[in-house]
Amino acid sequence: MFKTGKTAFGKRRTSSDCNSRKCRKASLHVRKTKNPKRILEIGTLAGYSTLWLAKGAPDAEIFTIECNAQHTAVARKIFQHADLERRVHLLEGNALDILSRFIQRKDAPFDLIF
22 MFKTGKTAFG KRRTSSDCNS RKCRKASLHV RKTKNPKRIL EIGTLAGYST LWLAKGAPDA
82 EIFTIECNAQ HTAVARKIFQ HADLERRVHL LEGNALDILS RFIQRKDAPF DLIF
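So the mapping is simple: our numbering equals the position in the sequence shown, first residue as 1, plus 21.
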């Protein structure tokens, strides 16, 4: 599905580690969390796990970070198709840089980090 590439942290990865079973399980875990309002996901890829997070927390605002422009383009289309643009914020860039900006703006509290 995805070729081997570098992550935002400089390590190599091959493909998405989020198969259907893992993502469904994550969605169920989100539902058990006390109604998360802000979720942070590091590593979007095509947005598959983001969709499950959105399903598990229908009232949450989700921030998802992806460093690969091709993955970001695919995920953006998927989020538009799923009508999630208002609550899923797709941030493209190095995760450490983006997280630093969240901290500097004091905008870092998240109920769930995935």
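For every residue, glycine included, the Cβ atom is placed at its ideal position computed from N, Cα and C. Keep in mind the model is a prediction, meaning the values are calculated, not measured.
Just so you know, the alpha carbons of residue 135 and residue 61 end up roughly 6 Å apart. The DSSP-derived three-state label of residue 42 is helix. Between residue 94 and the set 59, 126, 66, the nearest pair of CA atoms involves 66. The shortest C-alpha to C-alpha distance from residue 105 to any of 64, 59, 71, 42 is the one to 71.
Between the beta-carbon of residue 96 and that of residue 111 there is about 6 Å, and that keeps the pair under the 8 Å contact cut. Remark: C-beta atoms of residue 59 and residue 130 approach each other more closely than 8 Å.
Between the C-alpha atoms of residue 89 and residue 56 there is a straight-line separation of about 30 Å. In the DSSP assignment, residue 93 falls outside any beta strand (DSSP E) and within the unbroken alpha helix (DSSP H) covering 90-102. Residue pairing by DSSP places residue 84 opposite 61, 110 in a beta bridge.
In the structure shown, residue 66 falls within a coil segment according to DSSP collapsed to helix, strand and coil.
The three-state secondary structure of residue 133, taken from DSSP, is strand.
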